[in-house]
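Chemist: Numbering (my numbering), first residue to last: 889 to 1071. Each residue gets a CB set at the ideal place from its N, CA and C atoms; glycine is no exception. On a predicted model such as this, the values are computed, not experimentally measured, just so you know.
1) Please state whether DSSP places residue 1008 in a helix, a strand or coil.
2) For the ligand GDP, is there a heavy atom less than 7 Å away from the beta-carbon of residue 1070?
3) Straight-line CA distance for residue 1065 to residue 1031?
4) With DSSP collapsed to three states, give me the class of residue 1017.
5) Is the beta carbon of residue 940 less than 8 Å from the beta carbon of residue 926?
6) Classify residue 971: buried if its beta carbon has 16 or more other beta carbons within 10 angstroms, exposed otherwise.
7) Leaving out five residues before and five after residue 1042 in sequence, what residues of the same chain have Cβ atoms less than 7 Å from its Cβ?
8) What runs of the alpha helix (DSSP H), each 4 residues or longer, lie entirely inside the stretch 933-1002?
9) Around the C-beta of residue 944, are 16 or more other C-beta atoms found within 10 angstroms, so that it is buried, or is it exposed?
10) I need the DSSP call for residue 914, collapsed to helix, strand or coil.
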(Lines of atoms letter the chains of each structure in order from A and count residues from 1; the text may use other names and numbers.)
(Lines give C-alpha, C1' and ligand atoms only; values in the text may rest on other atoms or scores of the structure.)
Protein backbone atom coordinates (compact mmCIF):
# COMPACT_ATOMS: atom_id res chain seq x y z
CA UNK A 1 0.00 0.00 0.00
CA UNK A 2 1.95 3.00 -1.31
CA UNK A 3 -0.22 5.53 0.54
CA UNK A 4 0.52 3.89 3.89
CA UNK A 5 4.26 3.75 3.10
CA UNK A 6 4.31 7.45 2.18
CA UNK A 7 2.48 8.30 5.43
CA UNK A 8 5.04 6.33 7.44
CA UNK A 9 7.95 7.90 5.56
CA UNK A 10 6.47 11.34 6.21
CA UNK A 11 6.33 10.63 9.95
CA UNK A 12 9.93 9.40 9.97
CA UNK A 13 11.06 12.37 7.90
CA UNK A 14 9.39 14.81 10.29
CA UNK A 15 11.30 13.29 13.21
CA UNK A 16 14.58 13.34 11.30
CA UNK A 17 13.98 16.91 10.16
CA UNK A 18 13.45 18.00 13.77
CA UNK A 19 16.76 16.42 14.70
CA UNK A 20 18.55 18.03 11.76
CA UNK A 21 17.12 21.45 12.64
CA UNK A 22 18.30 21.01 16.23
CA UNK A 23 21.87 20.91 14.91
CA UNK A 24 21.77 24.53 13.74
CA UNK A 25 24.90 26.24 15.00
CA UNK A 26 26.55 22.94 15.87
CA UNK A 27 30.14 22.49 14.82
CA UNK A 28 30.17 19.35 12.71
CA UNK A 29 32.34 18.66 9.71
CA UNK A 30 29.64 16.68 7.94
CA UNK A 31 26.48 14.70 8.67
CA UNK A 32 25.66 11.37 7.04
CA UNK A 33 22.31 10.54 5.50
CA UNK A 34 21.16 7.54 3.50
CA UNK A 35 22.05 3.90 3.88
CA UNK A 36 22.15 0.50 2.30
CA UNK A 37 18.37 0.30 2.12
CA UNK A 38 18.43 2.93 -0.63
CA UNK A 39 20.93 1.10 -2.82
CA UNK A 40 19.95 -0.48 -6.09
CA UNK A 41 21.23 -3.75 -4.68
CA UNK A 42 18.09 -3.64 -2.50
CA UNK A 43 15.52 -1.50 -4.34
CA UNK A 44 14.91 -0.43 -7.93
CA UNK A 45 15.74 3.05 -9.21
CA UNK A 46 11.99 3.70 -9.51
CA UNK A 47 11.39 2.81 -5.85
CA UNK A 48 14.36 5.02 -4.92
CA UNK A 49 12.87 7.95 -6.82
CA UNK A 50 9.34 7.38 -5.49
CA UNK A 51 10.02 6.45 -1.86
CA UNK A 52 13.51 7.66 -0.92
CA UNK A 53 14.61 10.71 -2.90
CA UNK A 54 11.64 12.99 -2.11
CA UNK A 55 12.13 12.55 1.64
CA UNK A 56 15.92 12.62 1.66
CA UNK A 57 16.01 15.68 -0.64
CA UNK A 58 14.03 17.64 1.96
CA UNK A 59 16.31 16.42 4.75
CA UNK A 60 19.35 17.58 2.78
CA UNK A 61 17.70 20.98 2.27
CA UNK A 62 16.93 21.19 6.01
CA UNK A 63 20.54 20.34 6.85
CA UNK A 64 21.81 23.05 4.51
CA UNK A 65 19.37 25.54 6.05
CA UNK A 66 20.80 24.59 9.45
CA UNK A 67 24.31 25.32 8.15
CA UNK A 68 25.34 21.67 7.97
CA UNK A 69 26.98 19.68 5.18
CA UNK A 70 25.65 16.28 4.14
CA UNK A 71 27.35 13.17 2.80
CA UNK A 72 24.87 10.76 1.23
CA UNK A 73 25.76 7.15 2.04
CA UNK A 74 24.84 4.37 -0.36
CA UNK A 75 26.47 1.00 0.14
CA UNK A 76 25.97 -1.52 -2.60
CA UNK A 77 24.54 -0.56 -5.96
CA UNK A 78 24.45 3.09 -6.95
CA UNK A 79 25.36 3.37 -10.64
CA UNK A 80 21.72 3.50 -11.88
CA UNK A 81 20.92 6.32 -9.42
CA UNK A 82 24.15 8.38 -9.41
CA UNK A 83 22.56 11.40 -11.04
CA UNK A 84 19.41 11.02 -8.92
CA UNK A 85 21.46 11.18 -5.72
CA UNK A 86 23.54 14.09 -7.01
CA UNK A 87 20.31 15.93 -7.93
CA UNK A 88 19.33 15.88 -4.24
CA UNK A 89 22.35 18.17 -3.76
CA UNK A 90 24.30 16.48 -0.99
CA UNK A 91 27.75 17.96 -0.47
CA UNK A 92 29.34 14.54 -0.92
CA UNK A 93 28.41 10.97 -1.80
CA UNK A 94 29.88 7.68 -0.58
CA UNK A 95 30.80 4.65 -0.68
CA UNK A 96 31.41 3.89 -4.35
CA UNK A 97 31.74 0.15 -3.71
CA UNK A 98 33.05 -1.95 -6.58
CA UNK A 99 31.68 -5.30 -7.79
CA UNK A 100 34.37 -7.25 -5.93
CA UNK A 101 32.75 -6.11 -2.66
CA UNK A 102 29.08 -6.43 -3.62
CA UNK A 103 28.56 -3.03 -5.21
CA UNK A 104 28.35 -2.03 -8.84
CA UNK A 105 30.54 1.06 -9.07
CA UNK A 106 32.96 1.81 -11.86
CA UNK A 107 34.86 4.63 -10.17
CA UNK A 108 36.10 6.26 -13.39
CA UNK A 109 32.62 6.22 -14.92
CA UNK A 110 31.12 7.65 -11.73
CA UNK A 111 33.68 10.47 -11.81
CA UNK A 112 32.76 11.28 -15.42
CA UNK A 113 29.05 11.28 -14.66
CA UNK A 114 28.87 13.21 -11.37
CA UNK A 115 32.38 14.32 -10.45
CA UNK A 116 31.66 17.93 -11.36
CA UNK A 117 28.49 18.01 -9.23
CA UNK A 118 29.41 16.48 -5.88
CA UNK A 119 32.42 15.39 -3.85
CA UNK A 120 33.04 11.64 -4.09
CA UNK A 121 34.22 9.69 -1.03
CA UNK A 122 35.30 6.04 -1.08
CA UNK A 123 36.11 3.55 -3.79
CA UNK A 124 38.90 1.75 -1.91
CA UNK A 125 38.48 -2.03 -1.45
CA UNK A 126 39.52 -2.46 2.17
CA UNK A 127 38.57 -6.14 2.35
CA UNK A 128 41.49 -7.20 0.19
CA UNK A 129 43.90 -4.27 0.19
CA UNK A 130 43.99 -3.63 3.95
CA UNK A 131 43.98 -7.24 5.01
CA UNK A 132 45.65 -9.87 2.84
CA UNK A 133 48.04 -8.60 0.21
CA UNK A 134 51.52 -7.12 -0.15
CA UNK A 135 51.97 -3.40 0.66
CA UNK A 136 52.88 -2.77 -2.99
CA UNK A 137 49.42 -3.99 -4.04
CA UNK A 138 47.78 -1.69 -1.47
CA UNK A 139 49.79 1.24 -2.83
CA UNK A 140 48.83 0.32 -6.40
CA UNK A 141 45.13 0.19 -5.47
CA UNK A 142 45.39 3.61 -3.77
CA UNK A 143 46.98 4.99 -6.93
CA UNK A 144 44.36 3.33 -9.17
CA UNK A 145 41.48 4.87 -7.17
CA UNK A 146 43.09 8.28 -7.28
CA UNK A 147 43.81 8.03 -11.01
CA UNK A 148 40.19 7.06 -11.68
CA UNK A 149 38.51 9.69 -9.51
CA UNK A 150 41.04 12.24 -8.29
CA UNK A 151 41.52 14.40 -11.39
CA UNK A 152 40.49 18.02 -10.86
CA UNK A 153 39.71 17.46 -7.18
CA UNK A 154 36.42 16.58 -5.59
CA UNK A 155 37.55 13.14 -4.45
CA UNK A 156 38.38 11.84 -0.98
CA UNK A 157 40.07 8.46 -0.99
CA UNK A 158 38.47 6.26 1.66
CA UNK A 159 37.54 2.63 2.24
CA UNK A 160 34.19 1.58 0.78
CA UNK A 161 32.84 0.42 4.11
CA UNK A 162 33.71 -0.32 7.70
CA UNK A 163 36.64 -2.57 8.34
CA UNK A 164 37.26 -4.56 11.47
CA UNK A 165 40.44 -6.44 10.71
CA UNK A 166 43.43 -4.73 9.19
CA UNK A 167 47.11 -5.39 8.73
CA UNK A 168 48.82 -2.33 10.22
CA UNK A 169 51.54 -2.40 7.55
CA UNK A 170 48.89 -2.23 4.84
CA UNK A 171 47.18 0.66 6.62
CA UNK A 172 50.52 2.47 6.70
CA UNK A 173 51.01 1.74 2.98
CA UNK A 174 47.51 3.12 2.31
CA UNK A 175 48.24 6.34 4.23
CA UNK A 176 51.73 6.81 2.81
CA UNK A 177 50.60 6.37 -0.79
CA UNK A 178 47.53 8.55 -0.28
CA UNK A 179 49.79 11.39 0.92
CA UNK A 180 51.63 11.17 -2.41
CA UNK A 181 48.44 11.64 -4.44
CA UNK A 182 48.09 15.25 -5.49
CA UNK A 183 45.47 16.97 -7.58
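Modeler: Answer, in terms of the structure:
1) Here residue 1008 is taken as the residue at index 120 of the chain shown, counted from 1. Looking at residue 1008 - three-state DSSP - the assignment turns out to be strand.
2) Absence of the ligand GDP from the depicted structure is noted, as is the absence of any ligand whatsoever, leaving it without description.
3) Numbered from 1 along the chain shown, position 177 holds the residue referred to as residue 1065. Numbered from 1 along the chain shown, position 143 holds the residue referred to as residue 1031. Residue 1065 and residue 1031: Cα-Cα distance of roughly 7 Å.
4) Residue mapping note: residue 1017 aligns to position 129 of the chain shown, counting from 1. Residue state, collapsed to three classes: helix.
5) Taking the first residue of the chain shown as position 1, residue 940 is located at position 52. Taking the first residue of the chain shown as position 1, residue 926 is located at position 38. Yes, Cβ-Cβ distance for residue 940 and residue 926 is below 8 Å.
6) For the purposes of this step, residue 971 is identified with residue 83 of the chain shown, where counting begins at 1. Flag for residue 971 reads exposed.
7) If you number the chain shown from 1, residue 1042 lands on position 154. If we look at residue 1042 and ignore the five residues flanking it on each side, its Cβ neighbours are 1003, 1007 and 1008.
8) 941-953, 970-975 and 995-1002
9) By one-based count along the chain shown, residue 944 stands at place 56. Answer is buried; the Cβ neighbour count reaches 16.
10) If you number the chain shown from 1, residue 914 lands on position 26. Correct three-state label for residue 914: coil.
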